[in-house]
Structures are given as C-alpha cells and as structure tokens.
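Colleague:
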C-alpha cells in the first residue's frame, strides 16, 4: 500500500504532467493557427538569424567586392560600390521589418503568458491566505499562541493587486 507521501508525489507528478501537456498543446495550436504572413516572417527571421545566412553573405559580398576591385580579372560592374550599398540598405530595411513583425508577435505571446502567470499567482496568494486563516483558527482552538508573529494579522488579509501596483508606481515616482 502506498504511503500518503507517495500518493501525493504521484498525484503531483500527474498534475504537473497534465499542465505540461496542456501548455504544449496550446503552443501547438497557436503555431498551427499562425497567419500566412506570420509564418513567412518567422521563416525569414529564423533564416536571417542563422550562420548559413552569414556565410552566404560573406561569399556573395566577397565575390562582389573582389569582382569590382578587379581582383577576379573581370570587368567591374559596380566600381564605386553604389549598387552594393543600395542593395545592402534595401535588404536591411526588409530584414528589420521581418524581425520586428516576429518580435511583435512574440511580445504578444509573452504578454499572454505574463497575464496567465499573474492570474495563477493571484489565485495561489488567495488560496494561501485562506489556508493560513484555517491554520490560525486551528491554532486558536488548540490554545497555541501566535503572539510571536506580529505580521500574521497582515498576512491574513487578501492582497489587492491594484493597491500593490499603486504602491510600486508611488515608489518609482519618488526616485
């Protein structure tokens, strides 16, 4: 027969496993439902953030520069490198736009996850406050004094998130 601790450990593992599966499924769902434009932007961003992209540019720009400096024995087509500069500028504009599109989408997902984290934390804080109240009631019934814990009264109050945010803003503004 399993001990209470073993049962709890198994149940916790099941709960954690269930949560992991739910999060993985949610991410898969979001990935499957990305718009065509987001898929293109992510693909371009992923490629341009790779070493293959760097190597291709080293080769292409190297050949371009060597050709136009006359090092390859071919007639230069861009001796002042104006075309190369223009091409690199246009490429930079497009690449930075693709990166920003991907970052904006990533930031939106991060905001959703932060909102979930906040909601879970607030729920946990509320539950812990209730459990602490029960523990204090049990201690009182058993005649156990909690006078050594002056902060206990404050801990038994629900935290109001808006008040915490106001206090943070006040302290930031004082600096």
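Numbering (the numbering used here), first residue to last: 29 to 203. Glycine included, each C-beta is placed from N, C-alpha and C at the ideal position.
Could you compute how far the alpha carbon of residue 167 sits from the alpha carbon of residue 156?
Modeller: The straight-line gap from Cα to Cα measures roughly 16 Å.
Colleague: Looking at residue 86 and residue 94, is the spacing between their C-beta atoms short of 7 Å?
Modeller: Against a cut-off of 7 Å, the Cβ pair of residue 86 and residue 94 comes out as no contact.
Colleague: Could you spell out where the alpha helix (DSSP H) holding residue 174 opens and where it closes?
Modeller: No alpha helix (DSSP H) holds residue 174; DSSP gives it neither H nor E.
Colleague: Find out if the Cβ-Cβ distance for the pair residue 50, residue 130 is shorter than 7 Å.
Modeller: Cβ atoms of residue 50 and residue 130: not closer than 7 Å.
Colleague: What are the boundary residues of the alpha helix (DSSP H) that includes residue 119?
Modeller: That run of the alpha helix (DSSP H) goes 110-169.
Colleague: Taking the beta carbon of residue 201 as the centre, do at least 16 other beta carbons fall within 10 Å, making it buried, or is it exposed?
Modeller: It is exposed - the Cβ of residue 201 has fewer than 16 other Cβ atoms within 10 Å.
Colleague: Three or more C-beta pairs under 8 Å: does that hold for the region 66-83 against the region 117-135?
Modeller: Yes, they touch.
Colleague: Figure out for me which residue from 123, 138 and 62 has the closest Cα to the Cα of residue 76.
Modeller: Considering only alpha carbons, the answer is 123.
Colleague: Thinking C-beta only, is residue 174 closer than 7 Å to residue 180?
Modeller: In contact: residue 180 and residue 174 (Cβ atoms closer than 7 Å).
Colleague: Relative to the C-alpha of residue 73, which residue among 46, 52, 186 and 119 is closest?
Modeller: The residue with the shortest Cα to Cα distance from residue 73 is 119.
Colleague: Could you tell me the alpha carbon to alpha carbon distance between residue 134 and residue 163, rounded to whole angstroms?
Modeller: Computed Cα separation, rounded: 43 Å.
Colleague: Taking the alpha helix (DSSP H) that residue 189 belongs to, which residues open and close that run?
Modeller: Per DSSP, residue 189 belongs to the alpha helix (DSSP H) from 189-202.
Colleague: Go through its chain and collect everything with a Cβ distance to residue 96's Cβ below 6 Å, but skip five positions before and after it.
Modeller: So the qualifying residues of the chain are 104, 106 and 107.
Colleague: Is it true that the CB of residue 153 sits closer than 7 Å to the CB of residue 187?
Modeller: Taking 7 Å as the Cβ cut-off, residue 187 and residue 153 qualify as a contacting pair.
Colleague: Please name the residue, chosen from 81, 160 and 189, that lies closest to residue 177 on a Cα-to-Cα basis.
Modeller: When only C-alpha atoms are compared, the closest one is 160.
Colleague: Consult DSSP for residue 99 and reduce its assignment to one of helix, strand or coil.
Modeller: Coil at residue 99, not helix or strand.
Colleague: If residue 189 and residue 150 are in contact, beta carbons under 8 Å, what's the gap, nearest whole angstrom?
Modeller: Indeed they touch by this definition, with Cβ atoms about 6 Å apart.
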